[in-house]
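Numbering (this note's numbering), first residue to last: 1354 to 1717.
As structure tokens, this is what we get:
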């Protein structure tokens, strides 16, 4: 960790961060908050969500509201509430926090929108929920989105006091010494195991031509979600020698997997700006992903990876074949990935975040 890029306690003591618990996090929002915690000299944080059974999540949220109210009553230095949120349940939880912070305690509100499902969430919302969404966005002092494509969507469809683009942050990579060479390509997938992430599309492609891939590729999968379905498929289709399920991996296991990977693959249907792609790029991986959300802004087709359409199994198969037939381009693509990802490292993002905070505090 580079101490040079920390935001001073003089500024961070005025910020209260609210979002999903970043300790033992299981998602991209938690990963972003965790990196922020390293670069704030004073990190005032209250979790609004922790994974678990329904009643537990409700209890965590209610306790979070009590802690937020108590903190704002006790600590008069806090001037800004930085709310990290997404869609569906996350939106409604954060809306309550917004009402308490904005109208009861009269604090400045930053609403930081993560995740790739916001457009679908809004389009499917009933008229009452659409009014809540519009109010939250228009009355927040600053709304932050994670990519230029999302900025264009929000700017065209909603009104704001101020709308900023702030790239998702990743920490500096931990590059390990090269291990012994292997004679196959290592593909890596990290994330929620579900249809929307495209992992089952990828497995369909592998199953279809498993004899062609056997001995030539290894797919490492880390994450949680529909794990029983995944394991059943691997077992029934007898692709254990091609696909290895790592489970929910620790920080050390994740570093090991990122160092082993030649190509990171995320054939997702909806995304904001995936942390997993950014992290893989920082480790020098080539990328296969889809033309959704902010992904085409960081994955340049035939420069540092391949961009395909979500759900297009032919393109997915062709992308695997491309790297099998042209393994010499992987290092070239990986080097470009490392150059492109520099804007997402702390020395770039922390300064921009500090400017956002200062812009609100100077307008008090």
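For each residue, glycine too, the CB sits at the ideal point set by N, CA and C.
- In the three-state scheme derived from DSSP, where H, G and I count as helix and E and B as strand, residue 1371 is classed as strand.
- Residue 1639 carries a strand assignment under DSSP once its states are collapsed to helix, strand and coil.
- Residue 1686 holds the alpha-carbon nearest to the alpha-carbon of residue 1660 among 1637, 1686, 1680.
- Setting aside the 5 residues that flank it on each side, residue 1691 is surrounded in the same chain by 1634, 1635, 1637, each with a C-beta closer than 7 Å to its C-beta; the list follows chain order.
- The alpha-carbon of residue 1579 is positioned some 24 Å away from that of residue 1631.
- Residue 1503 is classed as buried because its beta carbon has at least 16 other beta carbons within 10 Å across all chains shown.
- For residue 1416 and residue 1485, the gap between their C-alpha atoms comes out near 23 Å.
- In the three-state DSSP reduction, residue 1649 falls in the helix class (H, G or I).
- Sixteen is the threshold: since fewer than 16 other Cβ atoms of the shown chains lie within 10 Å of the Cβ of residue 1476, the residue is exposed.
- Relative to the Cα of residue 1514, the nearest Cα in the group 1464, 1562, 1558, 1550 belongs to 1464.
- The shortest C-alpha to C-alpha distance from residue 1436 to any of 1425, 1370, 1411 is the one to 1370.
- Cβ-Cβ distances below 6 Å link residue 1601 to 1577 in the same chain, with the five nearest sequence neighbours on each side left out; the list follows chain order.
- By the criterion of a C-beta distance shorter than 8 Å, residue 1667 is surrounded by no residue of its chain, once the five residues flanking it on both sides are discounted.
- The residue among 1705, 1560, 1472, 1582 with its C-alpha nearest the C-alpha of residue 1509 is 1472.
- Taking the Cα positions, residue 1624 is about 6 Å away from residue 1468.
- In the three-state reduction of the DSSP assignment, residue 1493 falls in the coil class, being assigned neither a helical nor a strand state.
- Around the CB of residue 1374, 16 or more other CB atoms lie within 10 Å, so the residue is classed as buried.
- The alpha-carbon of residue 1703 is positioned some 33 Å away from that of residue 1552.
- In the DSSP assignment, residue 1617 is bridged to 1541, 1640.
- Spatial neighbours of residue 1645 in its own chain (CB-CB distance under 7 Å, excluding positions within 5 residues in sequence) are listed in chain order as 1469, 1621, 1622, 1623, 1624, 1663.
- For residue 1650, same chain residues with a beta-carbon under 7 Å away, outside a window of 5 residues either side, are 1500, 1501, 1502 in chain order.
- Residue pairing by DSSP puts residue 1598 in a beta bridge opposite 1574.
- Nearest in C-alpha terms to residue 1451, of all of 1394, 1617, 1494, 1529, is 1494.
- Here residue 1603 is exposed: its Cβ has fewer than 16 other Cβ atoms, across all protein chains shown, within 10 Å.
- The continuous alpha helix (DSSP H) containing residue 1584 extends over residues 1580-1589.
- Taking the CA atoms as reference points, residue 1543 sits about 11 Å from residue 1381.
- DSSP, read as helix, strand or coil, puts residue 1480 in helix.
- Secondary structure at residue 1512: coil, using DSSP grouped into helix, strand and coil.
- DSSP places residue 1456 outside any beta strand (DSSP E), giving it a letter other than H or E.
- For the options 1392, 1665, 1674, 1573, the alpha carbon positioned closest to that of residue 1525 is the one of 1392.
- Distances from the alpha-carbon of residue 1587 to those of 1442, 1507, 1409, 1557 put 1557 closest.
- Contact between residue 1397 and residue 1449 is ruled out by a C-beta separation of about 19 Å, above the 8 Å threshold.
- Per DSSP, reduced to three states, the secondary structure at residue 1623 is coil, with no helix or strand assignment.
- By alpha-carbon distance to residue 1541, the top candidate from 1408, 1480, 1564, 1639 is 1639.
- Residue 1441 sits in coil when the DSSP states are folded into three classes, being neither helix nor strand.
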